[in-house]
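Below is one structure; the comments refer to it alone.
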């Protein structure tokens, strides 16, 4: 994986509001900026680009909300494709992906990880774009930002939270429908 930079943001979000601002900057690139003010407790949510099925204000205030606790049916937690892509990206360009660790499943003897992949077809994953090791420094309600370089092609962005925790589900899944255009 080339040009990979991962920043872990450790600020807890204190309010019950979510503000998402998306903008597109010409045909060259899509810049996505998210300012989230939310008080959420679930497991993991894909925020930018928005996860399949989205989430409502009520969902973001519910502990263990179904929309953020998808543990079955790889690769996308059993959620089918949305009708339209929510993110349009250009191959070989860098973008920020934002997700949240809503409920901490950190397991010190064998820490898990978060992994981002772009899938060309839901049965054929590309190599991962980013892998962030789970940490006791990133706890409930904290956001993780991964700067990734998009591959040549792709239609689905997949986020996996592999817990390695015997007292938690093994894997949480989220997906977002995207489009990666040629360079």
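Numbering (the working numbering), first residue to last: 166 to 348.
Ideal Cβ positions, reconstructed from N, Cα and C, are used throughout, including at glycine.
What would DSSP say about residue 232, mapped onto helix, strand or coil? Start at 1 with the first residue of the chain shown, and residue 232 comes out as number 67. Looking at residue 232 - three-state DSSP - the assignment turns out to be helix.
Bridge partners for residue 343 per DSSP, in chain order? Position 178 of the chain shown, counted from the start, is the residue given in the question as residue 343. The partner list for residue 343 (beta bridge, DSSP) reads 252.
Considering only the alpha carbon of each residue, which of 327, 259, 320 lies closest to residue 297? On the chain shown, position 132 is the one that residue 297 refers to. Distance from the Cα of residue 297 is smallest, within the candidate group 327, 259, 320, for 327.
Pairwise C-alpha distance: residue 283 and residue 292: Within the chain shown, numbered from 1, the residue matching residue 292 stands at position 127. Within the chain shown, numbered from 1, the residue matching residue 283 stands at position 118. Rounded to whole angstroms, residue 292 to residue 283 spans 8 Å at the Cα level.
Helix or strand or just coil, what does DSSP make of residue 298? For this step, residue 298 is matched to residue 133 along the chain shown. Correct three-state label for residue 298: strand.
I need the straight-line Cα distance from residue 154 to residue 336, nearest angstrom please. Only positions 166 to 348 of the chain appear in this structure, which leaves residue 154 out of reach.
Closest to residue 245 by C-alpha separation, out of 276, 329, 312, 322, would be which residue? Working through the chain shown from its first residue, we reach residue 245 at position 80. The residue from 276, 329, 312, 322 with its alpha-carbon nearest to that of residue 245 is 322.
Where the beta strand (DSSP E) containing residue 320 begins and where it ends: In the chain shown, counting from the first residue as 1, residue 320 sits at position 155. No beta strand (DSSP E) holds residue 320; DSSP gives it neither H nor E.
Residue range of the beta strand (DSSP E) that includes residue 272: Position 107 of the chain shown, counted from the start, is the residue given in the question as residue 272. Where residue 272 is concerned, there is no enclosing beta strand (DSSP E), because DSSP gives it neither an H nor an E.
What do you reckon, are the CB atoms on residue 332 and residue 304 nearer than 7 Å? As a working mapping, residue 332 is identified with position 167 in the chain shown. As a working mapping, residue 304 is identified with position 139 in the chain shown. No.
On a CA-only basis, which of 241, 218, 271 is nearest residue 247? Give me that one, please. Counting from one through the chain shown, the residue named residue 247 turns up at place 82. It is 218 whose Cα lies nearest to the Cα of residue 247.
Candidates 346, 308, 340, of which the one nearest residue 238 by Cα: Here the question's residue 238 lines up with position 73 in the chain shown. Comparing alpha carbon positions, the residue from 346, 308, 340 closest to residue 238 is 340.
Anyone know if the C-beta pair for residue 252 and residue 343 falls short of 7 Å? Residue 252 sits at position 87 when you count from the first residue of the chain shown. Residue 343 sits at position 178 when you count from the first residue of the chain shown. Yes, Cβ-Cβ distance for residue 252 and residue 343 is below 7 Å.
Where does residue 243 land, buried or exposed, given buried means 16+ other C-beta within 10 angstroms? Position 78 of the chain shown holds residue 243. By the C-beta density criterion, residue 243 is exposed, having fewer than 16 other C-beta atoms within 10 angstroms.
How far does the beta strand (DSSP E) with residue 304 in it reach, from first residue to last? As a working mapping, residue 304 is identified with position 139 in the chain shown. Careful: residue 304 lies outside any beta strand (DSSP E) and carries neither H nor E.
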